[in-house]
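Participant: Sharing a structure with you now.
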Amino acid sequence: MPAVTPSSARLKRVNHAPIADEDLVLRYAGGDAAAFEHLYSRHRGGLYRFITRQCGDRGAAEELFQDVWSRVIETRARYRVEARFATWLYTLAHHRLIDWYRKSSRVVWVDFGREEEGIDTENAVEFAAGRSAQPEVRAESREIAMKLLVLLEQLPPQQREVFLLHEEGGLSIEEIAAATVTPTETAKSRLRYALAKLRRGLQDLT
Amino acid sequence: MNDSENAELRRAYAATARDEPSPALDDAILAKSRSAILTDPRSAILTRHPLGSLFGTPASSRHWSQLLAVAATLVVTASLVLLMQQEIPQIAGLAAPARDTAVTPVAKIPTEAVQATQVAPSELSPREYKPRSSGRVDVPARDQPPEQTSQEREQPVIASPQLADAAKSAIPAPDRQAFPGARPAINEAARASVATPAPPAARAESSVQRPSAVAAAGNASGSALAERRSPQAAESIARSLVNPGFAKNDESPEAWLARIAEMRKQGRVKDAEENFAEFRKRYPDFPVPPAKAESS
Chain G
-15 MPAVTPSSAR
-5 LKRVNHAPIA
5 DEDLVLRYAG
15 GDAAAFEHLY
25 SRHRGGLYRF
35 ITRQCGDRGA
45 AEELFQDVWS
55 RVIETRARYR
65 VEARFATWLY
75 TLAHHRLIDW
85 YRKSSRVVWV
95 DFGREEEGID
105 TENAVEFAAG
115 RSAQPEVRAE
125 SREIAMKLLV
135 LLEQLPPQQR
145 EVFLLHEEGG
155 LSIEEIAAAT
165 VTPTETAKSR
175 LRYALAKLRR
185 GLQDLT
Chain C
267 MNDSENAELR
277 RAYAATARDE
287 PSPALDDAIL
297 AKSRSAILTD
307 PRSAILTRHP
317 LGSLFGTPAS
327 SRHWSQLLAV
337 AATLVVTASL
347 VLLMQQEIPQ
357 IAGLAAPARD
367 TAVTPVAKIP
377 TEAVQATQVA
387 PSELSPREYK
397 PRSSGRVDVP
407 ARDQPPEQTS
417 QEREQPVIAS
427 PQLADAAKSA
437 IPAPDRQAFP
447 GARPAINEAA
457 RASVATPAPP
467 AARAESSVQR
477 PSAVAAAGNA
487 SGSALAERRS
497 PQAAESIARS
507 LVNPGFAKND
517 ESPEAWLARI
527 AEMRKQGRVK
537 DAEENFAEFR
547 KRYPDFPVPP
557 AKAESS
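Just so you know, the sequences run in chain order G and C.
Letter by letter, the first sequence follows residues -15 to 190 in my numbering.
Letter by letter, the second sequence follows residues 267 to 562 in my numbering.
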């Protein structure tokens, strides 16, 4: 995990390997504020990128990002160690995104349902144009990275979500299925399609 | 093939811009996390308490908190048990003095003790309470002062703290089986409390039978005897009760000496010595034949 910015210097890079995320949550639920800081430092970047690259709006992404962590804070006492914390965190993020999709006037919400293989656009959420024109992405990334991000943006939302949950959240297929409330095979096929499309896109671009 | 291509794809993705939340966003979220702890009563207590970290709910902390709870329960239970064990003897002890201080119960002590000695002769120490082979009447029955009224019996009890002490030892007549040590204590207490022993009747008889002895003792001893008569009457009762081997009320000094000699012939040296010591206390000026004096 990269170091936190200086303004949050207290969130120093610490090897938290001995302390599991689940223990940190339970400690925080017991009143240990420092445990939350450790937990936040571990997952802030991945969750931020997941939300940002899902909704395409930095301002909205920050709001959603803050909402997700607020939800973690408010429901800390109800956390049960039946699933990994990452799964719980990205499940909250997924549901928050769904809520935002439904409320945002820029998005046409279409019910997510089971997908037939190869037909992954029937139940897709369409995003308004402009999401791909993130200036900071094009300015900062290398050519391949930039192309990849472009390709990522062009993925169907379900596939993109699965890809980001896998890459940013580190969730397994089963955990992705649980977070997105979809069957495991559906989550597996979505990830497979996402990876295939990104590879083809990079090959086409090169 | 796909796995390697996927790995390359993932590496390419990892190299993309790593967008991070702004510092202001970080601060806002962290501030909210801390305020949530402060506003939560349960979390606040655990945070401020020195042992609050022990009661945090990580799995390991929960384990320790459970162990502490079990340990605390055991400590409290053990303390209660020990406290009850200490209080039970105290409560039993509260009842015993009530019997000691009461006049009527104490007055009954001699009779009860006498009855106890009569009832359980098998418990008597062979050395101290050996049945008389001479066929004499049991001492306890003889030692009962029928001429004494209940008031007379009571008065010595009240006047004599030594007798009260001996009586306390003799009180638990039914408990003689439980406290066999009381008998030796009675003997020791009786001996210790005796200064000039003599039951009233015995002393009266001896004074009647041996007026010469009293006169021979001189005015000082006679007056001493007279002074000691009342306080020592109760003592003599106690002694006669605890050791039926001592002189009886109607036994003359000569007879007593003869009995002492007989004890020695029978090999009862200890009894003989005790009786002679008692004889000397009662009749300090009684002339003892040299032979008997040496043998005693």
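Beta carbons: idealized from backbone N, C-alpha and C, even for Gly.
Note that the structure is predicted; figures quoted are calculated from it, not measured.
#1: Since residue 239/G meets chain C, which of its residues come closer than 9 Å, beta carbon to beta carbon?
#2: Looking at the structure shown, is residue 32/G part of a helix, part of a strand, or coil, going by DSSP?
#3: Show which residues of chain G have a CB atom less than 8 Å away from the CB atom of residue 353/C.
#4: Could you name the residues of the stretch 31 to 54 of chain G whose beta carbon sits closer than 7 Å to any beta carbon of chain C, in the order they occur along the chain?
#5: Report the residue from 172/G, 73/G, 14/G and 22/G whose alpha carbon sits nearest the alpha carbon of residue 2/G.
#6: Between residue 157/G and residue 4/G, what straight-line distance do the alpha-carbon atoms span, to the nearest angstrom?
#7: With 8 Å set as the bound, which would you pick, yes or no: does the beta-carbon of residue 24/G sit closer than that to a beta-carbon of chain C?
#8: Give every residue of the same chain whose Cβ lies closer than 6 Å to the Cβ of residue 80/G, excluding the five residues on either side of it in the sequence, and list them in chain order.
#9: Can you tell me which of 180/G, 77/G, 24/G and 12/G puts its alpha carbon nearest to the alpha carbon of residue 45/G?
#10: Quick one, which residues of the stretch 289 to 301 of chain C are near chain G if we go by CB-CB under 7 Å, in chain order?
#11: Taking the alpha carbon of residue 61/G as the reference point, which residue from 87/G, 12/G, 75/G and 69/G has its own alpha carbon closest?
#12: Could you tell me whether the Cβ of residue 17/G comes closer than 8 Å to any Cβ of chain C?
#13: Residue 303/C touches chain G at which residues, Cβ-Cβ below 7 Å?
#14: Interface residues of chain G around residue 285/C at Cβ under 7 Å?
#15: Beta carbons nearer than 9 Å to chain C: which residues of the stretch 60 to 75 of chain G have them?
#16: Which two residues bound the contiguous alpha helix (DSSP H) that contains residue 550/C?
#17: Would residue 86/G be called buried (16 or more neighbouring beta carbons within 10 Å of its own) or exposed?
#18: Would you call the stretch 163 to 178 of chain G and the stretch 280 to 290 of chain C in contact, with 3 or more CB pairs under 8 Å?
#19: Could you give the distance in angstroms between the alpha-carbon of residue 280/C and the alpha-carbon of residue 30/G?
#20: Give me the chain G residues within the contact set of residue 602/C, using Cβ-Cβ distance strictly less than 9 Å, ordered along the chain.
#21: With a Cβ-Cβ cutoff of 8 Å, do residue 526/C and residue 552/C count as a contact?
#22: List the residues of chain G that residue 275/C touches, going by C-beta distances under 9 Å, in chain order.
#23: Just to confirm, are residue 278/C and residue 129/G a CB contact at a threshold of 8 Å?
#24: If you check the beta carbons only, do residue 67/G and residue 178/G fall under 8 Å apart?
#25: Strictly below 8 Å CB to CB, what residues from chain C border residue 80/G?
#26: Starting from residue 15/G and walking both ways along the alpha helix (DSSP H), at which residues does that stretch end?
#27: What are the start and end residues of the alpha helix (DSSP H) that includes residue 82/G?
#28: With H, G and I counted as helix, E and B as strand and the rest as coil, what does DSSP make of residue 532/C?
#29: Check the Cβ-Cβ distances between residue 28/G and every residue of chain C, and say whether any is below 8 Å.
#30: Shortest alpha-carbon distance to residue 27/G belongs to which of 148/G, 137/G, 70/G and 65/G?
#31: Mind listing the chain C neighbours of residue 57/G? Cutoff is C-beta to C-beta under 7 Å, in chain order.
#32: When the cut-off is 8 Å and only beta carbons count, does residue 21/G lie next to chain C?
#33: Does the CB of residue 151/G have a neighbour CB from chain C at under 8 Å?
#34: Would residue 139/G pass as a contact of residue 147/G if the rule is Cβ separation under 8 Å?
Facilitator: Reading from the atomic positions:
#1: Missing from the structure shown is residue 239/G; chain G here goes from -15 to 190 and no further.
#2: Position 48 of the first sequence, counting from 1, holds the residue named residue 32/G. Residue 32/G sits in a helix when the DSSP states are folded into three classes.
#3: The sequence position of residue 353/C within the second sequence is 87, counting from 1. Residues of chain G passing the Cβ test: none, with the nearest at roughly 41 Å.
#4: Listed by position along the chain: 32, 33, 36, 46, 49, 50, 53 and 54.
#5: Within the first sequence, numbered from 1, the residue matching residue 2/G stands at position 18. Nearest C-alpha to residue 2/G: 22/G.
#6: For the purposes of this step, residue 157/G is taken as the residue at position 173 of the first sequence. For the purposes of this step, residue 4/G is taken as the residue at position 20 of the first sequence. So the alpha carbons of these two residues sit roughly 21 Å apart.
#7: Position 40 of the first sequence, counting from 1, holds the residue named residue 24/G. Interface residue, yes.
#8: Taking the first residue of the first sequence as 1, we reach residue 80/G at position 96. The answer, listed in chain order, is 48, 51 and 52.
#9: What you label residue 45/G is simply residue 61 of the first sequence in a count that begins at 1. Comparing Cα positions, the closest option is 77/G.
#10: Those residues of the stretch 289 to 301 of chain C that come within reach of chain G (Cβ to Cβ, closer than 7 Å) are 289, 291, 292, 293, 294, 295, 296, 298, 299 and 300.
#11: Taking the first residue of the first sequence as 1, we reach residue 61/G at position 77. Residue nearest to residue 61/G within the set 87/G, 12/G, 75/G and 69/G is 12/G (criterion: CA-CA distance).
#12: In the first sequence, the residue the question calls residue 17/G occupies position 33. So, interface residue.
#13: Stepping through the second sequence from its first residue, residue 303/C is reached at position 37. Neighbours of residue 303/C on chain G, chain order: 15 and 17.
#14: Along the second sequence, one-based indexing puts residue 285/C at 19. What residue 285/C touches in chain G: 32, 33 and 36.
#15: Answer in chain order: 60, 61 and 65.
#16: Your numbering for residue 550/C matches position 284 in the second sequence. Judged by DSSP secondary structure, residue 550/C falls outside any alpha helix (DSSP H); it is assigned neither H nor E.
#17: Residue 86/G sits at position 102 when you count from the first residue of the first sequence. Residue 86/G is classed as exposed because its beta carbon has fewer than 16 other beta carbons within 10 Å across all chains shown.
#18: Judged by Cβ distances under 8 Å, the stretch 163 to 178 of chain G makes no contact with the stretch 280 to 290 of chain C, as fewer than three pairs qualify.
#19: Taking the second sequence and counting its residues from 1, the one referred to as residue 280/C is at position 14. Taking the first sequence and counting its residues from 1, the one referred to as residue 30/G is at position 46. One C-alpha to the other measures close to 11 Å.
#20: Lying before the first or after the last residue shown, residue 602/C is absent from chain C, which here runs from 267 to 562.
#21: Along the second sequence, one-based indexing puts residue 526/C at 260. Along the second sequence, one-based indexing puts residue 552/C at 286. No, Cβ-Cβ distance for residue 526/C and residue 552/C is not below 8 Å.
#22: Walking along the second sequence from the start, residue 275/C turns up at place 9. Those within 9 Å of residue 275/C in chain G are 132, 179, 182, 183 and 186.
#23: On the second sequence, residue 278/C is found 12 positions in, with the first residue counted as 1. On the first sequence, residue 129/G is found 145 positions in, with the first residue counted as 1. The answer is yes: Cβ separation under 8 Å.
#24: Position 83 of the first sequence holds residue 67/G. Position 194 of the first sequence holds residue 178/G. The beta carbons of residue 67/G and residue 178/G sit no closer together than 8 Å.
#25: Position 96 of the first sequence, counted from the first residue, corresponds to residue 80/G. What residue 80/G touches in chain C: nothing, since even the nearest Cβ is about 14 Å away.
#26: As a first step, residue 15/G must be located in the first sequence, where it is residue number 31. First-last for residue 15/G: undefined, no H or E at that position.
#27: Translated into positions along the first sequence, residue 82/G becomes position 98. Where residue 82/G is concerned, the enclosing alpha helix (DSSP H) stretches over 69 to 87.
#28: Residue mapping note: residue 532/C aligns to position 266 of the second sequence, counting from 1. Judged by DSSP in its simplified three-state form, residue 532/C adopts coil rather than helix or strand.
#29: For this step, residue 28/G is matched to residue 44 along the first sequence. Under the 8 Å criterion on CB atoms, residue 28/G is classed as interfacial with respect to chain C.
#30: The residue you call residue 27/G lines up with position 43 of the first sequence. The candidate whose alpha carbon is nearest that of residue 27/G is 70/G.
#31: Walking along the first sequence from the start, residue 57/G turns up at place 73. Result: 298, 299 and 302.
#32: By one-based count along the first sequence, residue 21/G stands at place 37. Yes, residue 21/G lies at the interface with chain C (some Cβ there is under 8 Å from its Cβ).
#33: Numbered from its first residue, the first sequence carries residue 151/G at position 167. So, interface residue.
#34: Against the first sequence, residue 139/G aligns to sequence position 155. Against the first sequence, residue 147/G aligns to sequence position 163. Going by C-beta atoms, residue 139/G is nearer than 8 Å to residue 147/G.
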